[in-house]
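Notes to accompany the following structure.
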Amino acid sequence: PANRGALLTAVLVSYVLMGVPAGFVSARYCKLVKEQNHFKATLLTAIMLPGVISITFFSVNAIAWTHKSSSAVPFGTLVVLMLLWFCISLPLVFFGAYLGYSRDVISVPITPSALPREIKANQEWYLKTWAAMLFGGILPFGAVFVEMYFILSSIWQHRFYYMFGFLLLVFVMLVVTCAEVSIVLCYVQLCAEDYRWWWRSFLSSGST
Numbered sequence: 045p046a047n048r049g050a051l052l053t054a055v056l057v058s059y060v061l062m063g064v065p066a067g068f069v070s071a072r073y074c075k076l077v078k079e080q081n082h083f084k085a086t087l088l089t090a091i092m093l094p095g096v097i098s099i100t101f102f103s104v105n106a107i108a109w110t111h112k113s114s115s116a117v118p119f120g121t122l123v124v125l126m127l128l129w130f131c132i133s134l135p136l137v138f139f140g141a142y143l144g145y146s147r148d149v150i151s152v153p154i155t156p157s158a159l160p161r162e163i164k165a166n167q168e169w170y171l172k173t174w175a176a177m178l179f180g181g182i183l184p185f186g187a188v189f190v191e192m193y194f195i196l197s198s199i200w201q202h203r204f205y206y207m208f209g210f211l212l213l214v215f216v217m218l219v220v221t222c223a224e225v226s227i228v229l230c231y232v233q234l235c236a237e238d239y240r241w242w243w244r245s246f247l248s249s250g251s252t
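In the numbering used here, the protein residues as written are 45 to 252.
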């Protein structure tokens, strides 16, 4: 709280430096699934998430500019953020992808069949995607609901939030809970002989 910009600066620097492992993991999985367009996959890794966040942030900031709000981010800061993205984060993602493509393909313990297995048409209701998203999001949300209440109350009532150590502990608990929920729901789905676990493993905890 004494240095209000320190936390945001640390988050931005950490995200920029994480471009190397992001590109590396993306390249490794592209080789695993035999994706031919390596450049497209790497470029989407570098611009998909920050692009959505940037469009949302710039739209909100443009509204603040039109209303001449004091909370609007200056134009120079926006230029610095764009330089961090295109001059540092983007090259680091491509460097990580180069390291990933230079490695051997990930070896899996089984030999997948060329023909997809038939999936049962009338599945139970709890095996549907919407059910996995509903039940997979309730438990992690319940784990962080109390802390989110205090954070949002501090923002709405213009107060300082001091418990950053406790917030970090809650964040770690959220990550662990999301991982465990995704593992359990994927296991239930695979036991029902439904091999379409890729997106559902993300959506089940991503609905938090």
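Don't be surprised by glycine CBs; every beta carbon is placed ideally from N, CA and C.
Bear in mind that the values here come from a model prediction, so they are computed numbers and not experimental data.
query, result
"Inter-residue spacing [alpha-carbon to alpha-carbon] between Pro45 and Tyr73", "At Pro45 the pLDDT is 49, less than 50, meaning the model places this residue with poor confidence and gives no usable figure here."
"Classification of Gly144 by the beta-carbon crowding that lies within 10 angstroms, buried from 16 upward", "buried"
"Boundaries (first-last residue) of the alpha helix (DSSP H) holding His82", "His82 to Thr110"
"Bounding residues of the alpha helix (DSSP H) (the contiguous stretch that carries Leu212)", "Phe208 to Cys235"
"Selection from Gly63, Arg147, Pro153 and Val149 that minimises the alpha carbon distance to Pro10", "Limits of the chain in this structure are 45 at one end and 252 at the other, which puts residue 10 out of reach."
"Alpha-carbon to alpha-carbon, Gly186 and Leu122", "35 Å"
"Beta-carbon proximity of Arg57 to Thr89, cut-off 8 Å", "For clarity, residue 57 is Val in the given sequence; the question names Arg instead. Cβ distance not < 8 Å, so Val57 and Thr89 don't count as in contact."
"Supposed close pair Pro184, Thr252 - CB separation, criterion 8 Å", "4 Å"
"For Ala71, the three-state DSSP class (helix, strand or coil)", "helix"
"Beta-carbon proximity list for Ala165, same chain, < 6 Å, skipping 5 on both sides", "none"
"Ile182 in three-state terms, based on DSSP", "helix"
"Whole-angstrom C-beta distance between Gly67 and Ala158, which should lie under 8 Å", "Not a contact, Cβ separation roughly 30 Å."
"Span of the alpha helix (DSSP H) around Trp242", "Trp242 to Gly250"
"Cβ shell of Ile60 (< 6 Å), same chain only, five flanking positions each side left out", "Rather than Ile, the amino acid found at residue 60 in this sequence is Val. Excluding positions up to five away in sequence, the list reads Leu128, Ile132 and Ser133."
"For Asn81 and Ser103, the rounded distance between their alpha carbons", "32 Å"
"Contact between the segment 148-158 and the segment 167-182 (3+ Cβ pairs under 8 Å)", "no"
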